[in-house]
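Novice:
There are 2 protein chains.
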Amino acid sequence: MVVREPGAEPRAAGMKDVAAAAGVSLGTVSNVLNRPDRVSPATRARVEAAMAELRFVRNESARQLRAGRSRVLAYVMLDGSNPFFTDVAAGMEDATDAGDLSLFLCNSAHQPSREAAYLGRLEQQRVQGILITPVDPDAPVLHEIARRGTPVVVVDRTPGGTALCSVAVDDVHGGEIAVRHLLEQGHERIAFVGNHPSVGQVRDRRLGAIRALAAAGLGPDHLVDLTTSALTVADGRGAGERLAGLPGPVRPTAAFCANDLVALGLLQTCANLRMRVPDDLAIVGYDDIEFAAAAAVPLTSVRQPRRRLGRTAAELLLAETTETGHEHRQVVFTPELVVRTSTLR
Amino acid sequence: MVVREPGAEPRAAGMKDVAAAAGVSLGTVSNVLNRPDRVSPATRARVEAAMAELRFVRNESARQLRAGRSRVLAYVMLDGSNPFFTDVAAGMEDATDAGDLSLFLCNSAHQPSREAAYLGRLEQQRVQGILITPVDPDAPVLHEIARRGTPVVVVDRTPGGTALCSVAVDDVHGGEIAVRHLLEQGHERIAFVGNHPSVGQVRDRRLGAIRALAAAGLGPDHLVDLTTSALTVADGRGAGERLAGLPGPVRPTAAFCANDLVALGLLQTCANLRMRVPDDLAIVGYDDIEFAAAAAVPLTSVRQPRRRLGRTAAELLLAETTETGHEHRQVVFTPELVVRTSTLR
DNA sequence: CCTCCGGATTGAAAGGTTTCACAAATCTGG
DNA sequence: CCAGATTTGTGAAACCTTTCAATCCGGAGG
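Residue numbers (this note's numbering), protein chains in the order written: chain A, -7 to 337; chain B, -7 to 337.
See the structure below:
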């Protein structure tokens, strides 16, 4: 009879305890776990009974220590509250569900310090690989991590050089088709809402916008920048108020927004201020998140293959861990314009 | 001079290598890492130089194995694509940022099998604790995990019994204030859109709705259930079409939606079908996600303190790991109604 | 009856860190 | 200049699993 102090937790059972309870050696318990076919059915049953009895839970740290690597991938998201990134993550899960892998999500929320903290911890955990949409895709730390042996795949950005795998969408092209569409609708002064030069995606979209203007023979002064501190719905609302405050002659007749969140905020301000969309202001968003189609005025937006982006990134990462002589690849998808009411008068 | 085979990775350096390079013992390297004040500045500098030189990365598995516990919390989300849950997660990050902890997010996406897989892996990893919005809050597995030593805090549900900590919002009350508001606006036939009996939160909200009707002397037949297979924007759109198809006399004049995503979908169908909101149909959502205020017709919604929910949950978990003689607590917050245009004629 | 074979099982080593009792070196004050 | 205290540094054990060479056993073939 076992007498136990009330409240004294019995130490969690390890394989050694299981072995003792089943009257076999440690090695046999390990075999039951890892190569059950090498163990006679009778023994196996006895060991499994002991495991159930003792509530044995495998210790992944010890496993990993021995094996040298884990069965975990991680995605460091730039912004967990933006549906775009959660959709990308869903695509990654499609790929990891296939293998015997877990995907852990980390949210850097645009903060370099948090990103760095997560990267450090993930590397220390010896995760099998890191997927990341970085604050700065050319930060040397990404290459350092890869060089030390943890594969890194950059998502939704293409870092310079070919030392890393990456999966991205052609943001310059996206900006171009968005503004070309507005030009075709007869607009000549176009606001770029959510200019935020530190975000590469935004820089590229703006560059595409300027190219489209140039192709139509219009100078970059036809693009009116409305800078915001971030790219949230609230930022869009604020920018909308500034836009509405511009005097008629210089006020743009159309807005190209850095992403859909900003566009939704802008749209809301228009509704509040009785500006008609698209008559007083045409609006194009970016990402085509689910809420874009569901907006007050359904939003024209540049659609990115987000789920595919995530799945491809995870597949590249897995390829990197299994292939011998892996060649880094930079995949670039092409976005497409989805035209809805917000630009059609 | 070190000659290295091209492509032959040098094995990652461990503390032993650092010790050798710095000409000190293993114990000293450990002291530099964990108790730097116990090491003379000169020695410390030498060791740190060696670590930099060898690109030493601490092995968290080994640490954890020795220490017996990790510095990781995990939140198993019910639905990563619902902004409600990412906001809850942001609240948890507020709390973990304070300590020296990481928060990993896992998305069960309403699938019991995925939830189980994540729980198993997290337990094997010996994470410091698990936060979870479970598919089934009364599943015995949660108690089993807690009994085996990994603290579990249930988020956005209150499981039966007092064997676990939990943080939730009073969904019955939420349903009650939503429908009471609609009754006050003169509606007497109310649709409940997104009835999905397997989701406890939805059951409770519906129960609250029925209580509000009863308080007004109306029977439960005044609530018209529109069931959906999930709670997404698309489900809301579909339900909207069914609702619009009901013959005039039995068609409800107001809809209480199980969450904001469904409400947004419903709203969109109304726009497509030229039903005016709130004149032809008043709509109340639930969660007050950011997009609710930004909708075509700004949405009346039941607001939950989501960030606070997350922060409190993480704090309870931390308390459980540090306090001796911890008492499990069940915290319940009270939601409030945010009235906007979608119900005000 | 002996040998050899294959399947089942064993025992010990290894993996990288932390901890802790202990030794060595240095300092304090008498 | 010494006893004792303090500061630094050491070495080995422990954490739990996996792996692998070695052993054991019962049976088949000679």
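We treat Cβ as the ideally placed atom computed from N, Cα and C, and that holds for glycine. In this text, all values refer to a predicted model and were calculated from it rather than measured experimentally.
Whole-angstrom Cβ separation of Asp92(A) and Arg63(A), contact assumed at under 8 Å?
Specialist: Numbered from 1 along the first sequence, position 100 holds the residue referred to as residue 92(A). Numbered from 1 along the first sequence, position 71 holds the residue referred to as residue 63(A). The Cβ separation is near 6 Å, so the contact holds.
Novice: By how many angstroms is the C-alpha of Ala311(B) removed from the C-alpha of Val31(B)?
Specialist: Counting from 1 along the second sequence, the entry for residue 31(B) is found at position 39. Counting from 1 along the second sequence, the entry for residue 311(B) is found at position 319. When rounded, the distance between both Cα atoms is 33 Å.
Novice: Count the other CB atoms within 10 Å of the CB of Asp279(B); is the residue buried (16 or more) or exposed (fewer)?
Specialist: The residue labelled residue 279(B) in the question sits at position 287 within the second sequence. Per the 10 Å Cβ criterion, buried.
Novice: Helix, strand or coil for Gln322(B)? Go by DSSP, reduced to three states.
Specialist: Your numbering for residue 322(B) matches position 330 in the second sequence. Three-state DSSP puts Gln322(B) in a strand.
Novice: Per DSSP, Arg339(A) forms a beta bridge with which residues?
Specialist: Absent from the model: residue 339(A). The displayed extent of chain A is -7 to 337, so no value can be given.
Novice: Pairs of beta-carbons, one from the region 131 to 145 of chain B and one from the region 100 to 116 of chain B, closer than 8 Å: are there three or more?
Specialist: Segments in contact, yes.
Novice: So Gly121(B) is in the beta strand (DSSP E); what residue range does that whole segment cover?
Specialist: By 1-based counting over the second sequence, the position of residue 121(B) is 129. 121 to 124 is the extent of the beta strand (DSSP E) around Gly121(B).
Novice: Considering only C-alpha positions, which residue in the set Arg198(B), Glu176(B), Arg303(B), Asn74(B) is nearest to Ala226(B)?
Specialist: As a position in the second sequence, residue 226(B) is number 234, starting the count at 1. When only C-alpha atoms are compared, the closest one is Asn74(B).
Novice: List, in chain order, every chain B residue whose beta-carbon is nearer than 9 Å to that of Asp362(A).
Specialist: Missing from the structure shown is residue 362(A); chain A here goes from -7 to 337 and no further.
Novice: In angstroms, rounded to a whole number, what distance separates the CA positions of Pro212(A) and Ala206(A)?
Specialist: Taking the first sequence and counting its residues from 1, the one referred to as residue 212(A) is at position 220. Taking the first sequence and counting its residues from 1, the one referred to as residue 206(A) is at position 214. Cα to Cα, the separation comes out at about 7 Å.
Novice: Tell me whether the beta-carbon of Ser53(A) lies closer than 9 Å to the beta-carbon of Leu57(B).
Specialist: The sequence position of residue 53(A) within the first sequence is 61, counting from 1. The sequence position of residue 57(B) within the second sequence is 65, counting from 1. Cβ atoms of Ser53(A) and Leu57(B): closer than 9 Å.
Novice: Do Ala101(A) and Gly83(A) have their C-beta atoms within less than 9 Å of each other?
Specialist: Here residue 101(A) refers to the residue found at position 109 when the first sequence is read from its first residue. Here residue 83(A) refers to the residue found at position 91 when the first sequence is read from its first residue. No, the Cβ-Cβ distance between Ala101(A) and Gly83(A) is not below 9 Å.
Novice: When the Cα atoms are used, what is the spatial distance from Ser293(A) to Ile122(A)?
Specialist: Mapped onto the first sequence, residue 293(A) falls at position 301. Mapped onto the first sequence, residue 122(A) falls at position 130. In a straight line, the C-alpha of Ser293(A) is about 30 Å away from that of Ile122(A).
Novice: Near Met(-7)(B), what residues of its chain come up, given a Cβ to Cβ distance below 7 Å and the 5 sequence neighbours on each side ignored?
Specialist: The count along the second sequence starts at 1 and reaches residue -7(B) at position 1. Because Met(-7)(B) carries a pLDDT of 41, less than 50, the predicted location of this residue cannot be relied on, and the following value inherits that uncertainty. Cβ within range, chain order: n/a, list empty.
Novice: Excluding the 5 residues flanking Gly232(A) on each side, which residues of the same chain have their C-beta closer than 7 Å to its C-beta?
Specialist: Here residue 232(A) refers to the residue found at position 240 of the first sequence. Around Gly232(A): Gly257, Leu258, Thr261, Cys262.
Novice: Would you be able to state if there are at least three C-beta pairs under 8 Å between the region 164 to 178 of chain B and the region 290 to 304 of chain B?
Specialist: Taking 8 Å as the limit for Cβ pairs, the verdict is that the region 164 to 178 of chain B does touch the region 290 to 304 of chain B.
Novice: Helix or strand or just coil, what does DSSP make of Ser158(A)?
Specialist: Numbered from its first residue, the first sequence carries residue 158(A) at position 166. Reduced to three states, the DSSP call for Ser158(A) is strand.
Novice: Within 10 angstroms of its Cβ, does Ser158(B) collect 16 or more other Cβ (buried), or is it exposed?
Specialist: Mapped onto the second sequence, residue 158(B) falls at position 166. Per the 10 Å Cβ criterion, buried.
Novice: Would you mind sorting Ser334(A) into buried or exposed? The rule is 16 or more other CB atoms within 10 Å of its CB.
Specialist: Here residue 334(A) refers to the residue found at position 342 of the first sequence. Flag for Ser334(A) reads buried.
Novice: On the criterion of 16 or more Cβ atoms from any shown chain inside 10 Å, does Asn51(B) qualify as buried, or is it exposed?
Specialist: Translated into positions along the second sequence, residue 51(B) becomes position 59. By the 10 Å Cβ count, Asn51(B) comes out buried.
Novice: Can you check DSSP and say which residues form a bridge with Phe77(A)?
Specialist: Counting from 1 along the first sequence, the entry for residue 77(A) is found at position 85. According to DSSP, which records beta bridges pairwise, Phe77(A) is partnered with nothing at all.
Novice: Using a Cβ distance threshold of 8 Å, determine whether the region 299 to 307 of chain B contacts the region 240 to 252 of chain B, with at least three qualifying pairs required.
Specialist: The region 299 to 307 of chain B, when compared against the region 240 to 252 of chain B, does not touch it at the 8 Å Cβ threshold.
Novice: Span of the alpha helix (DSSP H) holding Leu97(B)?
Specialist: Counting from 1 along the second sequence, the entry for residue 97(B) is found at position 105. Taken as a continuous stretch (DSSP letters only), Leu97(B) belongs to no alpha helix (DSSP H), being part of the beta strand (DSSP E) at 94 to 99.
Novice: By how many angstroms is the C-alpha of Glu168(B) removed from the C-alpha of Ile275(B)?
Specialist: Within the second sequence, the letter at position 283 stands for residue 275(B). Within the second sequence, the letter at position 176 stands for residue 168(B). So the alpha carbons of these two residues sit roughly 15 Å apart.
Novice: Distance cutoff 9 Å, beta carbons only. Does Phe257(B) sit that close to anything in chain A?
Specialist: The count along the second sequence starts at 1 and reaches residue 257(B) at position 265. One detail in the question is off: residue 257(B) reads as Gly in this sequence, not Phe. So yes, Gly257(B) belongs to the interface.
Novice: So who's on the other strand from Thr219(B), going by DSSP bridges?
Specialist: Counted from its first residue, the second sequence places residue 219(B) at position 227. DSSP output for Thr219(B) lists Asn187(B) as bridge partner(s).
Novice: How long is the line joining the alpha carbons of Pro129(A) and Gly152(A), rounded to whole angstroms?
Specialist: As a position in the first sequence, residue 129(A) is number 137, starting the count at 1. As a position in the first sequence, residue 152(A) is number 160, starting the count at 1. When rounded, the distance between both Cα atoms is 8 Å.
Novice: Exposed or buried, Leu70(B), counting other C-beta atoms within 10 Å across all chains shown (16 or more means buried)?
Specialist: Here the question's residue 70(B) lines up with position 78 in the second sequence. Burial call: buried.
Novice: Hey, quick one: how far does the alpha helix (DSSP H) through Leu210(A) stretch, first residue to last?
Specialist: Start at 1 with the first residue of the first sequence, and residue 210(A) comes out as number 218. Unbroken run through Leu210(A): none, as it is neither H nor E.
Novice: Taking 8 Å as the threshold, find out whether the region 8 to 19 of chain B comes into contact with the region 17 to 25 of chain A through three or more Cβ pairs.
Specialist: Result no; under three Cβ-Cβ pairs closer than 8 Å.
Novice: Which word fits Arg332(A), buried or exposed, when buried means at least 16 other C-beta atoms lie within 10 angstroms of its C-beta?
Specialist: Residue 332(A) sits at position 340 when you count from the first residue of the first sequence. Under this definition Arg332(A) is a buried residue.
Novice: Given this structure, state the Cα-to-Cα distance separating Val323(B) from Ala250(B), to the nearest angstrom.
Specialist: Within the second sequence, numbered from 1, the residue matching residue 323(B) stands at position 331. Within the second sequence, numbered from 1, the residue matching residue 250(B) stands at position 258. So the alpha carbons of these two residues sit roughly 22 Å apart.
Novice: For Arg229(B), I'd like the list of residues in its chain whose CB is within less than 8 Å of its CB, leaving aside the five on either flank, ordered along the chain.
Specialist: Here residue 229(B) is taken as the residue at index 237 of the second sequence, counted from 1. Within the same chain, Arg229(B) has close Cβ partners Gly257, Leu258, Gln260, Thr261.
Novice: Which of the residues in the region 93 to 112 of chain B, read from start to end, lie with their CB under 8 Å from any CB of chain A?
Specialist: Hits within the stretch, in order: Ser94, Leu95, Phe96, Leu97, Cys98, Asn99, Ala101, Arg106, Ala109, Tyr110.
Novice: With distance defined between alpha-carbon atoms, name the residue in Val144(A), Val146(A), Ala155(A), Asp252(A) nearest to Val330(A).
Specialist: Start at 1 with the first residue of the first sequence, and residue 330(A) comes out as number 338. The shortest C-alpha separation from Val330(A) is found at Asp252(A).
Novice: Give me the residue from Leu308(A), Glu328(A), Phe325(A) with the minimum Cα distance to Pro143(A).
Specialist: The residue given as residue 143(A) occupies position 151 in the first sequence. Comparing Cα-Cα distances from Pro143(A) to each of Leu308(A), Glu328(A), Phe325(A), the minimum goes to Leu308(A).
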